[in-house]
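Below is one structure, written out as structure tokens; the observations come after it.
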Amino acid sequence: MSIVKMRKMSLVAHNSERNKLLRIFIKNGCMEFVRSKKAEEDNAQEYSDRIAKIESKQYKIAFALSFLKETVKVINLSKESKKDKLSFDLKKENRLVPYEEYMEVAKDEMELMAKISDMEQINTRLTDIKSELTRIDSAISQLLIYKDIAIPFGMVQDTKKTFCVLGTIPAERKEELISKLPQEAEIETAVSDKVAAILLIAHIDRKEEISSLLSACEFARASFDFTCSAAEQIERLKQKAIELQDERARYIESVKTYLPIAPSLKIMYDFYALEIEKVRAQEGCLKTQKAIVMEGWVPVDKEKKISEEIKKHCSRTEVEFRDPLPEEVPPTLTRNNKVVSAFDGITDMFGAPNYLERDPKIFVAFYYFLIFGFMLGDAGYGLIMALACFLFTAIKKPVKNSGQMILMFGFCGISTVLWGALFGGWFGMTPAFMDKVHIFWFKPLEQPLIMFALALGVGLLQIGNGFALHGIATIKQGGVKNILLGILKDFGWVVMIIGLFLYSPSLLAFLGIIQGELSPAVNTCVQVGMYVALIGAAMMLLSGLVGKKNPIKAVG
């Protein structure tokens with residue numbers, strides 16, 4: 360349970376072996392490149408263009424997967440039985456894909472891209488069909504008001520002796536218009552909720568008079584010029600919509616043939632992600648026309664394996680390993696047991712520790728485990744949590760680190776059971792038999808002061824542990840100043856917290872948590888605790904003088 364020791368790897372290789380080397384590093388998964396700023400500046404344009412090309416392929420695959428997912432949803436809407444519905448899931452699969460499988464799928468890149476192009480064409484046509492159907496719906500809604508007027512739109516025009524118009528007015532103005540029209544004018548109307556369609560024929564001599572009357576009634580002339588009537592045009596549009604719907608259904612049905620390539624598309628997407636990382640790794644490497652220089656950090660236990668693979672597969676490569684120099688800070692890789700590793704998600708949120716520091720994960724895991732159960736404090740809920748999480752991991756068997764958070768909550772469930780048993784909490788209640796035999800410690804709701812004191816004690820214990828770890832790290836940095844600061848400042852806090860723990864019986868008695876008089880031994884402990892706490896406080900005061908040129912003057 361510690362930070363893994365790292366070795367610096369340096370190699371010079373012929374350009375022809377660059378991809379072989381990158382494959383070796385990817386398969387072993389244990390190489391972190393050291394990037395050269397000069398190389399990044401020299402290679403920036405070249406490699407950014409390469410990354411952009413790969414990312415454009417990723418976007419195509421992302422489109423294809425999204426298109427398949429949405430199309431499957433549309434297909435399933437028309438299926439009544441669950442058995443007939445298609446299944447399509449873009450969630451992360453619970454399996455590790457071997458590197459060889461990536462390379463095997465990559466061989467079909469051209470074929471996959473051709474099928475993606477077909478899907479793009481289908482999507483374009485489906486989009487066009489959707490737009491056409493929208494236009495048809497809009498046209499039909501505009502024509503519906505004229506449905507009962509049988510005259511073709513193309514015939515609505517003036518003759519030598521007649522004036523003819525077709526259009527709409529607000530429905531409430533219809534009676535007003537009819538009442539003001541000359542008796543010889545012929546009018547045909549069709550009324551809806553808000554508007555009324557008007558077909559009006561009159562003698563040409565009355566055109567100006569009737570036009571003024573129509574304008575006063577907010578008349579809007581129909582702009583259609585079809586050679587057929589509104590009813591006939593509506594039927595034509597409906598037939599066109601049916602044809603488009605059938606065409607859309609055929610295209611959607613054809614998408615089913617692309618579903619089998621979805622797993623390959625997902626693998627190909629990840630393959631491109633690897634290719635991007637390979638390009639970024641090369642971007643930071645110095646190179647000439649025929650050679651490339653790579654530097655990076657490798658775990659000491661992987662050094663032999665990587666060295667052997669390079670010698671076996673890359674005959675034009677020279678590689679050497681060395682320990683870090685004093686001014687170098689290698690990347691941090693931690694290895695812990697299964698229990699501590701389950702809490703990696705918590706510790707990783709705060710960042711990785713420095714390579715030269717102590718790995719704090721075991722302490723973080725312990726206190727998270729302890730305090731989680733302390734806060735929830737119900738054995739019933741903890742039991743359900745632990746069983747559910749452990750059963751999930753046992754049945755699903757999450758690969759690699761994908762199930763760490765579930766496992767962590769399983770361990771936290773155990774802590775919750777322990778604290779819940781101490782507090783007598785089982786699904787928010789204390790069973791009757793537990794009250795009779797009194798097999799629990801105390802009830803937090805009935806004795807809140809004990810709960811308060813316990814919470815403070817756990818918090819002080821965690822703080823003291825943190826100061827102790829920081830003090831050790833400070834002392835390890837070396838130098839008189841660091842050693843004095845580590846002892847006086849950090850361990851001064853530790854000593855004072857120890858003193859507070861020793862003095863705590865007196866505080867508990869003052870709060871009424873401890874009943875009766877304290878025993879002589881406990882009184883002695885309290886007195887010792889007071890002096891220990893004062894010593895800790897004095898150590899912290901002295902730490903303020905460390906590094907001062909004139910400590911006596913600083914005190915004054």
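The opening position of the sequence shown corresponds to residue 360 in our numbering, with each subsequent residue numbered one higher. Virtual Cβ for every residue (Gly too), placed ideally from N, Cα, C.
1. So which of MET627, MET898, PRO658, GLU414 has the shortest CA-CA distance to LYS466?
2. I'd like to know whether the C-beta atoms of TYR406 and PHE630 end up nearer to each other than 8 Å.
3. Less than 8 Å between the CB atoms is what I'm expecting for ILE651 and ASN374, so what's the real figure, rounded?
4. Under three-state DSSP, which class holds ALA701?
5. Taking the beta carbon of PRO689 as the centre, do at least 16 other beta carbons fall within 10 Å, making it buried, or is it exposed?
6. Which runs of the beta strand (DSSP E) at least 3 residues long sit entirely within the region 696-758? Give them in chain order.
7. Between which residues of its own chain and ILE569 is the CB-CB distance below 6 Å, once the five residues before and five after are set aside?
8. Closer than 8 Å by C-beta to GLN516: which residues in its own chain qualify, once you throw out the five before and the five after it? Chain order, please.
9. Could you check if THR586 is buried or exposed, using at least 16 other CB atoms within 10 Å of its CB as the buried criterion?
10. Give me the Cα-Cα distance between LYS597 and ILE754, rounded to the nearest whole angstrom.
11. If I'm right that LEU449 touches LEU424 with Cβ under 8 Å, what's the distance once you round it to whole angstroms?
12. Return the CA-CA distance between SER369 and ILE834, expressed in angstroms with no decimal places.
13. Identify every run of the alpha helix (DSSP H) within the region 444-491, keeping only runs that are complete inside it and at least 4 residues long; order them along the chain.
14. Give the DSSP bridge partners of HIS672, in chain order.
15. Could you check where the beta strand (DSSP E) with MET889 kicks off and where it finishes?
16. Can you give the Cα-Cα distance for ILE743 and GLN806, rounded to whole angstroms?
17. Excluding sequence positions up to five away, which residues of its chain have a Cβ less than 6 Å from the Cβ of GLY739?
18. Can you find the residues in the same chain that come closer than 8 Å, C-beta to C-beta, to ASP707, ignoring five residues on each side of it along the sequence?
19. Determine the extent of the beta strand (DSSP E) in which CYS523 is found, giving its start and end residues.
20. Please identify the residue among SER361, ALA498, LYS519, LEU866 whose C-alpha is closest to the C-alpha of GLU594.
21. I need the straight-line Cα distance from PHE702 to ASN695, nearest angstrom please.
22. Can you name the start and end residues of the alpha helix (DSSP H) that LYS442 belongs to?
23. What do you get for GLY741, buried or exposed, if any count of 16 or more other CB atoms within 10 angstroms of its CB means buried?
24. One question on the structure: do LEU808 and LEU877 come within less than 8 Å of each other, judged by their Cβ atoms?
25. Any idea if ARG366 is buried or exposed, counting beta-carbon neighbours within 10 angstroms, 16 or more meaning buried?
26. Can you tell me which of the three DSSP states GLY655 falls into?
27. Helix, strand or coil: which one does DSSP assign to SER375?
28. Figure out for me which residue from ASP564, ILE385, LEU900 has the closest Cα to the Cα of TYR944.
29. For the alpha helix (DSSP H) containing LEU572, list its first residue and its last residue.
30. Going along the chain, which unbroken runs of the alpha helix (DSSP H) with 4 or more residues stay wholly within the region 777-860?
31. Beta-carbon separation of ALA579 and LYS506 under 8 Å?
32. Using only the alpha-carbon positions, how far apart do LYS646 and LYS397 sit?
33. Is it true that the region 850-863 meets the region 884-901, where meeting means three or more beta-carbon pairs spaced less than 8 Å apart?
34. Quick check: what's the CA-CA separation for LEU844 versus ALA868?
35. Just the C-alpha distance for ILE508 and GLU491, rounded to the nearest angstrom, thanks.
36. Using 8 Å as the cut-off, can you tell me whether the region 599-617 makes contact with the region 399-418, which would need three or more C-beta pairs spanning the two stretches below that distance?
In brief:
1. By 1-based counting over the sequence shown, the position of residue 466 is 107. Measuring from the Cα of LYS466, the nearest candidate turns out to be MET627.
2. Taking the first residue of the sequence shown as position 1, residue 406 is located at position 47. Taking the first residue of the sequence shown as position 1, residue 630 is located at position 271. No, Cβ-Cβ distance for TYR406 and PHE630 is not below 8 Å.
3. Translated into the one-based positions of the sequence shown, residue 651 becomes position 292. Translated into the one-based positions of the sequence shown, residue 374 becomes position 15. At roughly 6 Å, the Cβ-Cβ gap stays under 8 Å, so ILE651 and ASN374 are in contact.
4. Against the sequence shown, residue 701 aligns to sequence position 342. Here ALA701 sits in coil by DSSP.
5. Counting from one through the sequence shown, the residue named residue 689 turns up at place 330. Its Cβ being crowded by 16 or more others within 10 Å, PRO689 is buried.
6. none
7. Stepping through the sequence shown from its first residue, residue 569 is reached at position 210. ALA561, listed in sequence order.
8. Counting from 1 along the sequence shown, the entry for residue 516 is found at position 157. If we look at GLN516 and ignore the five residues flanking it on each side, its Cβ neighbours are CYS523.
9. Stepping through the sequence shown from its first residue, residue 586 is reached at position 227. By the 10 Å Cβ count, THR586 comes out exposed.
10. For the purposes of this step, residue 597 is taken as the residue at position 238 of the sequence shown. For the purposes of this step, residue 754 is taken as the residue at position 395 of the sequence shown. Cα to Cα, LYS597 sits roughly 55 Å from ILE754.
11. On the sequence shown, residue 449 is found 90 positions in, with the first residue counted as 1. On the sequence shown, residue 424 is found 65 positions in, with the first residue counted as 1. LEU449 to LEU424, Cβ: 6 Å. Contact.
12. Translated into the one-based positions of the sequence shown, residue 369 becomes position 10. Translated into the one-based positions of the sequence shown, residue 834 becomes position 475. Near 33 Å, if we compare the C-alpha coordinates of ILE834 and SER369.
13. 458-465
14. Here residue 672 refers to the residue found at position 313 when the sequence shown is read from its first residue. Partner(s): none; HIS672 has no beta bridge.
15. Counting from 1 along the sequence shown, the entry for residue 889 is found at position 530. Unbroken run through MET889 is the alpha helix (DSSP H), 879-902; no beta strand (DSSP E).
16. In the sequence shown, the residue the question calls residue 743 occupies position 384. In the sequence shown, the residue the question calls residue 806 occupies position 447. ILE743 and GLN806: Cα-Cα distance of roughly 26 Å.
17. As a first step, residue 739 is located in the sequence shown; it is residue number 380 there, counting from the start. Excluding positions up to five away in sequence, the list reads TRP785, PHE786.
18. Counted from its first residue, the sequence shown places residue 707 at position 348. Excluding sequence neighbours, ASP707 sits near nothing in its chain.
19. As a first step, residue 523 must be located in the sequence shown, where it is residue number 164. Start and end: 521-529.
20. Here the question's residue 594 lines up with position 235 in the sequence shown. GLU594 has its Cα closest to that of ALA498, out of SER361, ALA498, LYS519, LEU866.
21. Your numbering for residue 702 matches position 343 in the sequence shown. Your numbering for residue 695 matches position 336 in the sequence shown. Distance between the alpha carbons of PHE702 and ASN695 is about 10 Å.
22. Within the sequence shown, residue 442 is the residue found at index 83, counting from 1. That residue, LYS442, is in no alpha helix (DSSP H); it is neither H nor E in DSSP.
23. As a working note, residue 741 is residue 382 in the sequence shown. GLY741 comes out buried.
24. Along the sequence shown, read from residue 1 onward, the residue named residue 808 stands at position 449. Along the sequence shown, read from residue 1 onward, the residue named residue 877 stands at position 518. It is not a contact, given that the beta carbons lie outside the stated cut-off.
25. Counting from 1 along the sequence shown, the entry for residue 366 is found at position 7. The residue in question, ARG366, is buried, as its Cβ has 16 or more Cβ neighbours within 10 Å.
26. As a first step, residue 655 must be located in the sequence shown, where it is residue number 296. It is a strand residue.
27. Counting from one through the sequence shown, the residue named residue 375 turns up at place 16. Helix.
28. Shown here, the chain extends from 360 to 915; a query on residue 944 therefore has no answer.
29. Position 213 of the sequence shown, counted from the first residue, corresponds to residue 572. Segment 566-575, the alpha helix (DSSP H) holding LEU572.
30. 791-796, 807-835, 839-844
31. Numbered from its first residue, the sequence shown carries residue 579 at position 220. Numbered from its first residue, the sequence shown carries residue 506 at position 147. For ALA579 and LYS506, no; Cβs fall outside 8 Å.
32. Stepping through the sequence shown from its first residue, residue 646 is reached at position 287. Stepping through the sequence shown from its first residue, residue 397 is reached at position 38. Straight-line Cα distance between these residues: approximately 11 Å.
33. yes
34. Your numbering for residue 844 matches position 485 in the sequence shown. Your numbering for residue 868 matches position 509 in the sequence shown. Going from the Cα of LEU844 to the Cα of ALA868 covers about 36 Å.
35. Numbered from its first residue, the sequence shown carries residue 508 at position 149. Numbered from its first residue, the sequence shown carries residue 491 at position 132. The straight-line gap from Cα to Cα measures roughly 26 Å.
36. no
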